[in-house]
Every structure is written in C-alpha cells, then in structure tokens.
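Asks:
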Amino acid sequence: MINYLANLGIPRSGEVIRAGLISKYEGIPVEKALGTIFTDRIFDVMMLAIVIGLTMLIGGSDFLSYLDENVNLAQKFNALLNSPVFIVVFLLTAVIITYYSYSYRDNIKNSIIGKKIFGLVAGFSAGVQSVRSVSSIPLFLFYTISIWVLYYFMMYLAFFAFLPTSHLGPIAGLVVFVFGSLGILIPTPGGMGSYHYLVGEALAMFGINGSDAFSFANIVFFSIQIFVNILFGIISLILLPAINKD
C-alpha cells in the first residue's frame, strides 16, 4: 500500500520505494527486488492485454468503433518507424554506442562504475528469473487471475452505488474497467485526470452523459485511489516498522 501512496505524489515512484522497503525489511538486494517487481509488472501487462482482447471479443461494436476512430496506434507507429529522422537518429545512436562499448569494453568493465552497473544488471536479472523458483505455478496463476477479477468487480459493483450507472451490465463494467486501467497506466499522480477522461469516454459509449460520467469517475477515483490508498498507506507506514522490529 505504501507504493500506491507514493504514486499519488510522484508517478511510478512507488516501484522504487517498494524495492527499497523489500531490501530493508527482507534483506534482499535492491536490484534483485527491482527485477522481481519488473517481472510482476510483466504479468500485469499480460493480464491487461488478455482483458483488452476479451473486451474486444465481447465488448460490442461500440468498443471496436471507438478504437478505430480514436486509437490509430498502428498508423502512428508505422509513421514513426518510416520517418527519416527517426531512422537516422536510431542508426547513429546505435553506431556510437556500439563503437564506444567495443573500443573501451575492458576499461568500462573494470571501472568502479562498470562493476557497479554489471552488478546491478546481474541482480536485476536474478530478480527477473525468480519466477522460475515459484513453488506452485498453478497457485501463482490463480492468485494473478483472482486479483484481476477482483479489480473488475471493484469497478462493476460501483455501478450500483450511483443511480445513472445502476442499469449498466457486466459488459459495460468490463469496458469501463479496461479504460480505467489504461488511465491508471498513464504517468499522472495516481492516474488523476487520465482516469477521469477515459472512464468518461467509456461510459459515453453506453449513453451516460458527461456530467454523470465525470461524477462516477470521481466517486470511484476518490473512494479508492485517494481515500483507500492514503488511509491504508499511512497505516502501512506506521505498522511496517513495528511488525519488522527484528
């Protein structure tokens, strides 16, 4: 909970703080903790991709039409890759890095900074590979899926707390959940602003007017992202040193 609290102030700082706390209280090197957290985030991205794919299959034509009209990522990506400026900068950067890395490889490897960097990379790699030592893969997958199912119900059940959205069904809940998750991914403090906008866009697909959509986004955002994260984040800050006295 402490990392969620930190994210409200500085976007994505919670991951670094989480690694620091794991290192301090569990005796795990910071770089290895970061590798483990990175692996955790890879599974989160995979789960989000699966949920987005599921939403595309069952979310209806409105969802697909919205993506077609507003999210032309493939065109933008192709335009970037085909840009002469991008190609020149990429190739020039690659040549410079390759030249200096090869020419001064021994000096870099034996320097104090080089040894530190190689040590960090080795620790990070060990953290990433820690997924191989999971005692029960089925249990790990069960926990991962369960967390995302609970995330979904956290959004869907909120519909019934607000009259304008109380008639919306499970599919609407899935679409709004996906849009809200994407809003949280955008590096703003706790997803503030981006979450409201994307949840509002999702609700508009199901006939919810702008003011009601914004009100719903505020209810969910401030009850969970603000109230819950601040309350339990502060409680965690107080309890963590007490629980880990040894």
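Take the sequence shown: its position 150, counted from the start at 1, is 173 in the numbering used here, and no numbers get skipped. For each residue, glycine too, the CB sits at the ideal point set by N, CA and C.
Can you tell me which of the three DSSP states threonine 211 falls into?
Replies: Coil.
Asks: Report the residue from Val243, Asn267, Asp235, Ile45 whose alpha carbon sits nearest the alpha carbon of phenylalanine 176.
Replies: The candidate whose alpha carbon is nearest that of phenylalanine 176 is Val243.
Asks: Distance check for alanine 195 and asparagine 241, CA to CA, integer angstroms please.
Replies: Each residue's Cα considered, the two are about 18 angstroms apart.
Asks: Name the two residues that bound the continuous alpha helix (DSSP H) containing proline 264.
Replies: That run of the alpha helix (DSSP H) goes 252-266.
Asks: So the alpha helix (DSSP H) glycine 216 belongs to, where does it begin and stop?
Replies: Run containing glycine 216: none; DSSP gives neither H nor E here.
Asks: Could you name the residues of the same chain whose beta carbon sits closer than 7 angstroms to that of alanine 42, not counting the 5 residues immediately before and after it, in chain order?
Replies: Result list for alanine 42: Val53, Ala56, Leu57, Ile60, in chain order.
Asks: Can you find the residues in the same chain that come closer than 7 angstroms, C-beta to C-beta, to serine 46, ignoring five residues on each side of it along the sequence?
Replies: So the qualifying residues of the chain are Pro52, Val53, Ala56.
Asks: Quick one: Cα of asparagine 267 to Cα of glycine 50, how far?
Replies: Whole-angstrom Cα-Cα distance: 11 angstroms.
Asks: Take the Cβ of serine 204 as the centre, count every other Cβ of all protein chains shown within 10 Å, and call the residue buried at 16 or more, exposed below.
Replies: Buried, since its Cβ has 16 or more Cβ neighbours within 10 Å.
Asks: Counting along the chain, where does the alpha helix (DSSP H) carrying threonine 62 start and finish?
Replies: Per DSSP, threonine 62 belongs to the alpha helix (DSSP H) from 53-81.
Asks: Would you grab the beta carbon distance between leucine 263 and tyrosine 48 for me? Rounded to a whole angstrom, and I think it's under 8 angstroms.
Replies: Confirmed, about 7 angstroms.
Asks: Helix, strand or coil for isoleucine 119, going by three-state DSSP, please let me know.
Replies: Residue state, collapsed to three classes: helix.
Asks: If you drop the 5 nearest sequence neighbours on each side, which residues of the same chain put their C-beta closer than 6 angstroms to that of valine 112?
Replies: Here the set comprises nothing.
Asks: Would you kindly work out how many angstroms separate the C-alpha atoms of leucine 96 and alanine 181, rounded to a whole number?
Replies: Low confidence applies here, because leucine 96 scores a pLDDT of 48, under 50, leaving its location unreliable; read the following figure in that light. Whole-angstrom Cα-Cα distance: 31 angstroms.
Asks: 8 angstroms is my cut-off, CB to CB: does isoleucine 194 come that close to chain C?
Replies: Protein chain content of the structure displayed is limited to a single chain, and chain C is not contained in it.
Asks: Just mark alanine 265 as buried or exposed, buried being the case when its beta carbon has 16 or more other beta carbons within 10 Å.
Replies: Classification of alanine 265: exposed, given that the 10 Å Cβ count is below 16.
Asks: Are leucine 226 and phenylalanine 239 close, meaning C-beta to C-beta below 8 angstroms?
Replies: Yes, these two residues count as a Cβ contact at 8 angstroms.
Asks: Say whether the segment 206-216 touches the segment 226-235, bearing in mind that this needs 3 or more beta-carbon pairs closer than 8 angstroms, one atom from each stretch.
Replies: No, they do not touch.
Asks: Buried or exposed for histidine 219, going by 16 or more other Cβ atoms inside 10 Å?
Replies: Flag for histidine 219 reads buried.
Asks: In angstroms, rounded to a whole number, what distance separates the CA positions of glycine 76 and isoleucine 247?
Replies: Going from the Cα of glycine 76 to the Cα of isoleucine 247 covers about 26 angstroms.
Asks: Can you grab the Cα-Cα spacing for the pair leucine 114 / valine 68, in whole Å?
Replies: Near 29 angstroms, if we compare the C-alpha coordinates of valine 68 and leucine 114.
Asks: At what residues does the alpha helix (DSSP H) containing threonine 279 begin and finish?
Replies: This structure cannot speak to residue 279, because the chain is shown only from 24 to 269.
Asks: So, is tyrosine 179 buried or exposed, given that buried needs 16 or more other C-beta atoms within 10 angstroms?
Replies: Buried.
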